[in-house]
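What follows is a short report on a single structure.
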Amino acid sequence: MPLALDDTIFDNDLDAWLRLQDILLSAVEGARDAELDHEYKELRRIVLDDDIYSEAIPGFVRRHRDLGSLWATLKSFAPQWEPRRVEVRRQFENALVSDSKLSSRIS
Numbered sequence: 088m089p090l091a092l093d094d095t096i097f098d099n100d101l102d103a104w105l106r107l108q109d110i111l112l113s114a115v116e117g118a119r120d121a122e123l124d125h126e127y128k129e130l131r132r133i134v135l136d137d138d139i140y141s142e143a144i145p146g147f148v149r150r151h152r153d154l155g156s157l158w159a160t161l162k163s164f165a166p167q168w169e170p171r172r173v174e175v176r177r178q179f180e181n182a183l184v185s186d187s188k189l190s191s192r193i194s
């Protein structure tokens, strides 16, 4: 079953996962404004509530409800932003693979 994205601009689950990853890639560089934080919270809630994807979500997303609390964890990945970006992408691989497999089964 697709994620409940009724009030979003996403065409499919993969788009939502990629947007969540993009938010975190911005956050590793220090972006944590209110609009980005709201979008993070909403997408996080949606994927955590979905049985199909809840296990694929990276642990650091599962543990942090907002970008402010997530900042210390993101900084712990590396002192510079580029290695942090690499780590976020690495940790999202399972979610993106899960979505690709699900999409191919549905199609």
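Residue numbering for the sequence shown follows my numbering, starting at 88 and increasing by one per position. Ideal Cβ placement from N, Cα and C applies to all residues, glycine included.
Tell me where the alpha helix (DSSP H) around residue i begins and ends.
i: Gly-155; result: 154-164
i: Glu-122; result: 121-136
i: Gln-108; result: 100-114
i: Gly-146; result: 146-150
Could you check whether residue j and residue i sit closer than 8 Å to each other, using their CB atoms as the reference points?
i: Leu-135; j: Leu-107; result: no
i: Leu-123; j: Ile-110; result: yes
i: Leu-161; j: Val-115; result: yes
i: Phe-164; j: Glu-180; result: no
i: Arg-152; j: Lys-128; result: yes
i: Leu-183; j: Trp-104; result: yes
i: Leu-112; j: Arg-172; result: yes
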